[in-house]
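Enquirer:
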Amino acid sequence: MRICRIEGSVHATVQDENLVGQSILIARPVDLEGHPDGPALLALDRVGAGSGDLVLVMKEGGGARIVLENPDSPVQCLVVAVIDDISLSED
Numbered sequence: 002m003r004i005c006r007i008e009g010s011v012h013a014t015v016q017d018e019n020l021v022g023q024s025i026l027i028a029r030p031v032d033l034e035g036h037p038d039g040p041a042l043l044a045l046d047r048v049g050a051g052s053g054d055l056v057l058v059m060k061e062g063g064g065a066r067i068v069l070e071n072p073d074s075p076v077q078c079l080v081v082a083v084i085d086d087i088s089l090s091e092d
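Add 1 to the 1-based position in the sequence shown for our numbering, that's all there is to it.
Have a look at this one:
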């Protein structure tokens with residue numbers, strides 16, 4: 002999984018039938034301080050995330066298809082949580 006910040010969304014008038022009605026977001030991986038840390042990902046939204054939200058993205062197609070309960074879905078990444086706070090131990 003990756004911590005990401007939502008940068009926007011993708012709208013497609015023609016899409017795979019398994020994506021109809023689904024929200025596709027642009028998620029940029031970030032480090033623990035919130036700085037960009039890699040190229041943006043396209044992720045299916047499962048939690049109602051919006052632009053600017055800090056989220057947890059599952060980046061594994063097999064797991065995504067299990068969560069979606071659809072083995073035919075072309076999805077590789079899912080937004081599975083909106084992060085409210087990150088706490089690191091002092092150790």
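Glycine included, every Cβ here is placed at the ideal spot set by N, Cα and C.
#1: Are Ile-87 and Leu-33 closer than 8 Å when you measure CB to CB?
#2: Per DSSP, Met-1 is paired with what?
#3: Go ahead and label Ala-13 buried or exposed: buried means 16 or more other beta carbons lie within 10 angstroms of its beta carbon, across all protein chains shown.
#4: Would you call Val-76 buried or exposed, if buried means 16 or more other Cβ atoms sit within 10 Å of its Cβ?
#5: Which residue from Ile-25, Leu-89, Asp-54 puts its Cα closest to that of Cys-78?
#6: So, with DSSP's three-state summary, where would you put Ala-13?
Expert: Let me spell this out:
#1: yes
#2: Residue 1 falls outside the range modelled here, since the chain spans only 2 to 92, and no answer is possible.
#3: exposed
#4: buried
#5: Ile-25
#6: coil
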